[in-house]
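Going down the list, the protein sequences come from chains A and B.
So that you can map any letter, position 122 of the first sequence is 122 in the working numbering, and since no number is skipped, the others follow by simple counting.
Count along the second sequence from 1, add 1000, and you get the number used in the working numbering.
C-beta atoms are modelled at their ideal positions from N, C-alpha and C, and glycine is treated no differently.
Just so it is clear, the structure is predicted and the values come from calculations on it, not from any experiment.
Worksheet for the structure shown next.
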Amino acid sequence: MIAGLVAAALVWEGYKAVGDPEGTVLFGVRVLPRADDLSMPHLWTVLQRLADPEMTGGRPVWLVVAEACLFTLGITAAGFLAGALIGLLLAAMMQRFQIIERGLLPYVILSQTVPLVALAPLIAGWGGTLMPAWATVSVIAAYLAFFPVAVGMLRGLQSPSAAGAELMRSYAAGWWRTLVKLRFPAALPYLFPALRLAGAAAVVGAVVGEISTGTRGGIGRLIIEYSREATSDPAKVYTAMLGAAVLGLLVAGLVALLELPLMRHRRHVEVVTL
Amino acid sequence: MTAVSVEGLTKIFNQGRSDEVLALSDVDLTVGDGEFVSLIGPSGCGKSTLLRLIADLIEPTTGSVTVAGKPAAQARRDQEYGIAFQQAGLFEWRTVCRNVELPLELRGVSKAERRSKAEQMLELVGLADFAGHYPGQLSGGMQQRVAIARALAVQPPLLLMDEPFGALDEMTRERLQSELLGICATTGSSVVFVTHSISEAVFLSDRVVVMSARPGRITASIEVKLPSRDEVGRQAPVYFEKITEVRQALRS
């Protein structure tokens, strides 16, 4: 991971060193971005900006960005949990009743093709009356997060072999006990990648949701605010973007932590032959 | 009392559709208490179907199945039998011990009791040292022994086995055959054993039931009385005679 960060930094600074400050234009189309200080400030400028106050005499930028990230993290977590729960319930229902799978799955897929921008104003309207404003953003995050969980979990719940299901039947286990003892544990290898996708989707949903509902206090809003100052203070908007990137990594890391205790059996690989 | 009684059993898959298959036609079979019966026949003769009907994993089209004096569905709910398939079918996220505990867990047996029971069963199949391992760490033969231990865990009066040694090499297979006989001698279980190996059927069984395909039905029932079921038994003239008899029954 450290190596990845170093590589990204090297690519950034490397391109800045060799790239055309006006960008590379081919047949009238700019194929590579401008490399001047206004478009791509030096990394150390961005880091330095983090330490400087936001406005003259104000709090340092890193503190503002960190607070905004925490605010968005809360929204993301709420959206992620709600989305994951809804996804799990939908998957269990679709596994249980084939008719629900056939009827519902197309709409589950359709739900993700509806542009978020079209939904956001509607959901934003719930803020203040049905729920606090931040919760509307969580709803948008959940709306994006439930999808990979529903689809991945359905696949996982259907993964046990017919022999496994027959074995449970031979033990006179009903649907619920088969779900708990066989289908759910068998679905975990499908669930964790789905949760990672859901985590990323929840972050995107929270950031985009903040922007499109106009919710203040989060990192999404901060990116918009800082980007207005991009011409005079180009490094500032990158501090907010850096914050968003760190937030994404943090969520991915937290989801990965969930996996550790539950996938112990995957780590032993040495086969004993007797 | 008989362990299994099958009367006038017929099974038609996909009845009334264009892909209708008559899998079993008018099958009668009785397995006595403590008897070891093998079902043998070419693939597609319905021997696995018959086993699944006895286990109440599928429903008969006509006819009746009685296990331990009860209708098959009731016997399944009362867990009157243990079952083992060709694939060990262990749950990879459970340790060997917890796999063997599974049927006990579903019966609501207390934790301490099922732990001691599972250890006892693993002792029986010679895997006591591997209780804490995960199935992925074991070879195919060892996994199959765990599956047998799991089938035995509830100490069922009846064992149903669907080619349990089919995927194993000859040496492992012969050792497990001897182990299985030893276990049955200790527990007094009746066994219905599906196989497509003539020598395996003759060596293990008190009776070999020969089936033919399309439609599946029973064509012969051959009693086997070996002097002993060990290496001496495998060399006995009667062993070879019975193998020839079963082979001829399969051909006709």
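**Prompt:** Got a sec: which bits of the segment 1045 to 1075 of chain B sit with their beta carbon under 7 angstroms from any beta carbon on chain A, in order along the chain?
**Reply:** Ala1055, Leu1057
**Request:** Return the residues of the segment 1096 to 1118 of chain B that lie within a Cβ-Cβ distance of less than 9 angstroms from chain A, sorted by chain order.
**Result:** Leu1102, Pro1103, Glu1105, Leu1106, Arg1107
**Request:** Would you mind telling me which residues of chain A sit closer than 8 angstroms to arginine 1077 of chain B, beta carbon to beta carbon, in chain order?
**Result:** Ala172
**Item:** Supposed contact pair valine 1194 of chain B and cysteine 1184 of chain B - C-beta distance, whole angstroms, cut 8 angstroms
**Value:** Rounded, the Cβ-Cβ distance is 16 angstroms, inconsistent with contact.
**Request:** Using three-state DSSP, classify alanine 100 of chain A as helix, strand or coil.
**Result:** Correcting the residue type first, residue 100 of chain A is isoleucine in the shown sequence and not alanine. Isoleucine 100 of chain A: helix per DSSP, three-state reduction.
**Prompt:** Excluding five sequence neighbours on each side, which residues of the same chain lie with their C-beta closer than 6 angstroms to the C-beta of valine 237 of chain A?
**Reply:** Tyr226, Ser227, Ala230
**Request:** Taking the CB atoms as reference points, tell me whether alanine 162 of chain A and isoleucine 140 of chain A lie closer together than 8 angstroms.
**Result:** no
**Message:** Please state whether the Cβ-Cβ distance between isoleucine 219 of chain A and alanine 200 of chain A is less than 8 angstroms.
**Reply:** no
**Alpha-carbon spacing of alanine 244 of chain A relative to cysteine 69 of chain A, whole angstroms** = 7 angstroms
**Message:** Does the contact criterion of 3 or more C-beta pairs under 8 angstroms hold for the segment 202 to 213 of chain A versus the segment 129 to 143 of chain A?
**Reply:** yes
**Prompt:** Excluding five sequence neighbours on each side, which residues of the same chain lie with their C-beta closer than 8 angstroms to the C-beta of leucine 1168 of chain B?
**Reply:** Gly1140, Gly1141, Gln1144, Leu1176
**Prompt:** Around the C-beta of serine 1205 of chain B, are 16 or more other C-beta atoms found within 10 angstroms, so that it is buried, or is it exposed?
**Reply:** buried
**Span separating the alpha-carbon of proline 160 of chain A from that of valine 1208 of chain B** = 33 angstroms
**Asked** Start and end of the beta strand (DSSP E) containing alanine 187 of chain A?
**Response** Note, alanine 187 of chain A: premise wrong, no beta strand (DSSP E); alpha helix (DSSP H) at 184 to 213.
**Asked** Name the chain A residues that come within less than 7 angstroms of phenylalanine 1240 of chain B, Cβ to Cβ?
**Response** Under the 7 angstroms cutoff, chain A gives no residues; its nearest Cβ is about 32 angstroms from phenylalanine 1240 of chain B.
**Request:** Quickly, what does DSSP pair aspartate 1162 of chain B with across the bridge? List them, please.
**Result:** B:Val1194
**Prompt:** How far does the alpha helix (DSSP H) with valine 1238 of chain B in it reach, from first residue to last?
**Reply:** 1237 to 1251
**Message:** Can you confirm whether the segment 245 to 262 of chain A touches the segment 1008 to 1016 of chain B when touching is taken to mean that 3 or more C-beta pairs between the two stretches lie within less than 8 angstroms?
**Reply:** no
**C-beta neighbour in chain A for isoleucine 1083 of chain B, strict 8 angstroms** = yes
**Request:** Using a cut-off of 9 angstroms between C-beta atoms, extract the partners of glycine 1089 of chain B located in chain A.
**Result:** Ser161, Ala163, Gly164, Glu166, Leu167
**Message:** Would proline 185 of chain A pass as an interface residue toward chain B - the criterion being a Cβ-Cβ separation below 8 angstroms?
**Reply:** yes
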